[in-house]
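One structure below.
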Amino acid sequence: MEELLNIKNLVVRFYTYEGVVKAIEGVNLFLRKGETLGLVGETGCGKSVTSLSILALVPPPGRIEDGEIFFKRKDGKRVNLLELNEEDLMHIRGNEISMVFQEPGAALNPLYTVGEQIAEAIILHRREELCRRILEEIDEEMRKADTSPIKMLFLRFEKWAYTKMLKNTRTLSLRIVSKIPLLNLYLRRLKKHAKNEAVKMLKDMRIADPERIANMYPHELSGGMKQRAVIAMALACNPVLLIADEPTTNLDVTVQAQILNLIRELKEKFDTTILYITHDLGVIAEMCDRVAVMYAGVICEIADVNRIFEKPLHPYTKALLECIPRPGKKFKSIKGEVPNLINPPPGCRFHPRCPRAMEICSKVEPKMVEVEKNHFVACHLYRGEPS
Amino acid sequence: MRALLEVENLRKYYPIFGGLFKKKVADVKAVDGINLTIFKGECFGLVGESGCGKTTFGKTVIRLLKPTDGHIYFDVPPDIREKMRELELDGSPTALRELERLRKEYDLATYKGKKLRKLRRKMQIVYQDPTTSLNPRMLVKDIVGEPLKVHKLARGGEVIEKVVKMLQRVGLSEKHLYRYPHEFSGGQRQRIAIARALITNPDFIVLDEPTSAVDVSVRSQLLDLFISLQKEYGLTYLFISHDLSVIECISNRVGVMYLGKIVELAPTKELFDEPAHPYTKALISAIPVPDPNVKRKKILLSGDVPSPINPPKGCRFYPRCWKARDICRVEEPKLVRTKGNHFVACHFPED
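So the protein lines, in turn, are chains D and E. With positions in the first sequence counted from 1, the corresponding number in the working numbering is that position plus 8. With positions in the second sequence counted from 1, the corresponding number in the working numbering is that position plus 223.
Laid out in structure tokens, this is it:
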């Protein structure tokens, strides 16, 4: 299958007063087109930082120290996201790669209605499409015989404005015109069209009565509704890659089931590739095709979802699976705590908690090897083909 | 088995004020008529979605909130409870007067001041988020030792001694005494909160979603701790959670709450194997199973939980229920025994 995203040897560090936090140390990961890859791990293991680096959004004092992230754009060009300038990145963010965050309440602006916020994303990224449609509409209105001369004049002005906008939004003339009262009324048409698109998006999210919801403010909506609105915003521009960062963690099980179902349906409909970040292995089993397990800034195992659950190889993956409470089975807990990433343990980062630690584990960092086809493990217990 | 806590017809309404003179305009019916018995030494699990009143119930039961209506009997001698039941059945004016007198003496809902404080020692709570439930300006030794001072259970050097012992029991150590809560990880903070709850040697502990703010691996560590503490101190738990898999592995009996009411009550295994109420069925089917080969048929509920200000008339679940018939709209189903210890509040539990 075609490769969509390839992260190579990514290193991210945070420069804090306490020391350098080695959040991500050499992560290698690739995503195929059309698949859902699950990224599992505990809090602070670097899942979210990985996803933020894909969008080049790592917040200071964090810095991407090393690595390459290759992404195949919509037009087929393969680019390194970390080398692009801000302007190109703006085209990619939201348009080709978009993200759904954990806390829908924090991802929405409380001062604007949900419809306005989705419309904003649409105006920003689908301007050309909207302008074309508006120009057609204006032409049709001009063709009508009974338009008054004043209206005709305004229509002509609108046509001029939208033709300009089609090429570039930030030309000087448009910027001036949009500040002049009465003349800037031409923007109403753009807003109306974007709003219609937003309502259509909300309808796709299985929201009953989308017109009413579009006019509501985030605080008037329940958690599940808010998350739907955020997903609508993320999918508004038909992205190739959707990064879902724990989208259902704060929701109730019944709402979670609704949202998961929705994401699955939308994936089919829009043909998006999904990077699904979560700590819930149950959700992983339901949603993903492949799974990558992360621990303390490194990826320790990547395999197909069935393999991970049937025959996990890395001791951490095994331990993680064993500590889920399941009926009829006694759960075991992992001893100790996640290491401090300022001074991570030498060698394999899991060795202080590992039940099968050997002498070599505390000295040499294990390399990722392919034990079986498509099953990669970074552990000294296994010797396969180096990847 | 002896009942430790008996709750009769418990209600807790939060008033909403509005209008020009801030008159009371409505009530949020957080807990609306709950009857429940928790036996000594068991772990009772309470599940439900957010906003269904689980936490309010937990807080009301240990009288951190004053109930609007209803009775709470905590650790009342069985013969007195028996007598009260008889008096209630009798129903004559003298009997009722006697009942009133007994209630004043034993009903926790009427307790005030000193009498209440004395009982507080016996019932404790562990909150969901340890970051907010621990005072950031207090040292661990003060946080854990404060209940001892408040209840005058220890003095001077004895306090530290007891605190250290308790910290060791929950998996911390002496070296943590002079630290502030922010220096700990989430799991450790929750351990501090547990130590604080246990130090007065209580009989009954309300665990209000104690594992929902921590990671999977920490969650299993905490659950282990809860189980071993229960055995060691003979504790009784009210375990509130929205996570059914946790409830399934820790509790003996489970109550399912929906909009301020208990809709189903059964021993854990029975509830998960043969759920009778449609809401319980939907809830159980919605848990993601950590096994990609298991493809469970999911029951997707439509819509959201209705507002507890104006709960639907009749059965509260009918607007989202796929089995709803005419009677569900009109008549509210009572919590009735279907078999053994299985109670359901549904008009059509069989089909």
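In this text, a Cβ means the ideal position worked out from N, Cα and C, and glycines have one as well.
Start and end of the beta strand (DSSP E) containing residue i?
| i | result |
| --- | --- |
| GLY27 of chain D | 27-40 |
| PHE462 of chain E | 459-464 |
| GLN347 of chain E | 346-349 |
| VAL57 of chain D | From DSSP, VAL57 of chain D is part of no beta strand (DSSP E) but of the alpha helix (DSSP H) over 55-62. |
| ARG134 of chain D | From DSSP, ARG134 of chain D is part of no beta strand (DSSP E); its letter is neither H nor E. |
| GLY241 of chain E | 226-241 |
| PRO490 of chain E | 484-490 |
| MET302 of chain D | 298-303 |
| LEU119 of chain D | No beta strand (DSSP E) holds LEU119 of chain D; DSSP gives it neither H nor E. |
| PHE162 of chain D | It is not in any beta strand (DSSP E) - PHE162 of chain D instead sits in the alpha helix (DSSP H) that spans 157-175. |
| MET480 of chain E | 476-481 |
| THR286 of chain D | 281-286 |
| ILE251 of chain D | 249-253 |
Over what stretch of residues does the alpha helix (DSSP H) that includes residue i continue unbroken?
| i | result |
| --- | --- |
| PHE358 of chain D | Here PHE358 of chain D belongs to no alpha helix (DSSP H), and DSSP marks it neither H nor E. |
| LYS208 of chain D | 195-212 |
| GLU278 of chain D | Sequence check: residue 278 of chain D is Phe here, not Glu. Element bounds for PHE278 of chain D: 261-278. |
| ASN314 of chain D | 313-318 |
| ASP514 of chain E | Segment: none, ASP514 of chain E is in no alpha helix (DSSP H) and carries neither H nor E. |
| THR503 of chain E | 501-508 |
Suppose you measure from the CA of residue i to the CA of residue j; what does that come to, to the nearest Å?
| i | j | result |
| --- | --- | --- |
| LYS518 of chain E | ASP279 of chain D | 23 Å |
| ILE282 of chain D | LEU249 of chain D | 6 Å |
| VAL108 of chain D | VAL238 of chain D | 6 Å |
| ARG135 of chain D | GLU111 of chain D | 28 Å |
| ARG392 of chain E | ILE267 of chain D | 41 Å |
| ALA318 of chain E | PHE262 of chain E | 27 Å |
| SER396 of chain E | LEU390 of chain E | 6 Å |
| LYS504 of chain E | CYS544 of chain E | 11 Å |
| LEU161 of chain D | ARG220 of chain D | 34 Å |
| CYS275 of chain E | GLU487 of chain E | 14 Å |
| ASP426 of chain E | LEU448 of chain E | 17 Å |
| VAL20 of chain D | ALA64 of chain D | 11 Å |
| HIS133 of chain D | GLU205 of chain D | 12 Å |
| GLU265 of chain E | ARG391 of chain D | 49 Å |
| LEU90 of chain D | ARG71 of chain D | 11 Å |
| MET173 of chain D | ILE271 of chain D | 34 Å |
| LYS546 of chain E | ARG552 of chain E | 12 Å |
| VAL385 of chain D | GLU50 of chain D | 18 Å |
| LEU119 of chain D | ILE188 of chain D | 24 Å |
Identify which residue in the options has its Cα closest to the Cα of residue i.
| i | options | result |
| --- | --- | --- |
| LYS371 of chain D | D:PHE358, D:VAL385, D:PRO354, D:ASN382 | D:PRO354 |
| PRO513 of chain E | D:VAL299, D:GLU294, D:ALA300 | D:GLU294 |
| ARG236 of chain D | D:GLY34, D:GLY123, D:PRO67, D:VAL29 | D:GLY123 |
| GLY526 of chain E | E:LYS536, E:PRO515, E:GLY537, E:TYR541 | E:TYR541 |
| ASP83 of chain D | D:PHE165, D:LEU12, D:VAL207 | D:LEU12 |
| GLY281 of chain E | E:GLU487, E:VAL429, E:ALA505, E:PRO433 | E:VAL429 |
| ASP255 of chain E | E:LYS327, E:ALA249, E:LEU288, E:GLY293 | E:GLY293 |
| ALA216 of chain D | D:THR58, D:PHE162, D:MET233, D:LYS203 | D:MET233 |
| GLU43 of chain D | D:GLN264, D:ILE146, D:ALA311 | D:ALA311 |
| ILE383 of chain E | E:ILE473, E:VAL299, E:TYR401 | E:TYR401 |
| CYS296 of chain D | D:PHE22, D:LEU138, D:ARG40 | D:ARG40 |
| LYS275 of chain D | D:ALA153, D:ASP253, D:PRO247 | D:PRO247 |
| VAL477 of chain E | E:PHE267, E:THR459, E:SER435 | E:PHE267 |
| VAL306 of chain D | D:VAL313, D:THR325, D:VAL291 | D:THR325 |
| ILE324 of chain E | E:ILE303, E:LYS337, E:ARG343, E:LEU445 | The sequence shown places Arg at residue 324 of chain E, rather than the Ile named in the question. Ranking the options by Cα distance to ARG324 of chain E, first place goes to E:ILE303. |
| LEU389 of chain D | D:PHE317, D:GLU309, D:VAL301, D:LYS343 | D:GLU309 |
| PHE339 of chain D | D:PRO67, D:GLU330, D:SER106 | D:GLU330 |
| ASP288 of chain D | D:LYS55, D:PRO68, D:GLY34, D:THR24 | D:LYS55 |
| ASP549 of chain E | E:CYS538, E:MET346, E:LEU228, E:ARG442 | E:CYS538 |
| LEU143 of chain D | D:ILE184, D:GLN125, D:ARG164, D:PRO189 | D:ARG164 |
| ALA499 of chain E | E:SER273, E:LEU558, E:ARG360, E:ASP313 | E:LEU558 |
| LEU437 of chain E | E:GLU309, E:GLY409, E:ASP298 | The question names Leu, but residue 437 of chain E is Val in the sequence shown. When each option's Cα is compared against that of VAL437 of chain E, the closest is E:GLY409. |
| LEU228 of chain E | E:ARG414, E:HIS565, E:ILE295, E:LEU243 | E:ILE295 |
Can you pull the chain B neighbours of residue i, defined as C-beta to C-beta under 7 Å?
| i | result |
| --- | --- |
| THR262 of chain D | Of the chains in the structure shown, none is chain B; the protein chains are D and E. |
message: Along the region 415-433 of chain E, where does the CB come closer than 8 Å to a CB of chain D? Name the residues.
response: none
- prompt: In the region 284-371 of chain E, which residue ranges form an unbroken alpha helix (DSSP H) of at least 4 residues, counting only runs that do not cross its ends?
  reply: 301-313, 316-329, 336-343, 353-356
message: Counting only Cβ-Cβ distances shorter than 7 Å, please list the residues of the region 283-311 of chain D near chain E, keeping chain order.
response: HIS287, ASP288, LEU289, GLY290, VAL291, ALA293, GLU294
Length at least 4, wholly inside the region 81-111 of chain D: the alpha helix (DSSP H) runs in chain order: 94-100
query: If you measure beta-carbon to beta-carbon, which residues of the region 319-338 of chain D are closer than 9 Å to chain E?
result: ALA327, LEU328, LEU329, GLU330, CYS331, ILE332, PRO333, ARG334, PRO335, LYS337, LYS338
message: Please give me, in chain order, every unbroken run of the alpha helix (DSSP H) with length at least 4 that falls completely inside the region 373-448 of chain E.
response: 380-392, 409-421
query: What are the start and end residues of each continuous alpha helix (DSSP H) run of 4 or more residues lying completely inside the region 511-563 of chain E, in chain order?
result: 549-553
- request: With 7 Å as the C-beta to C-beta threshold (strictly closer), list the residues of the region 230-248 of chain D near chain E in chain order.
  value: SER230, GLY232
- request: Taking a Cβ distance cut-off of 9 Å, strictly less, list which residues of the region 294-318 of chain E are near chain D, in chain order.
  value: none
- prompt: Of the residues that make up the region 50-68 of chain D, which ones have a beta carbon closer than 7 Å to any beta carbon in chain E?
  reply: GLU50, THR51
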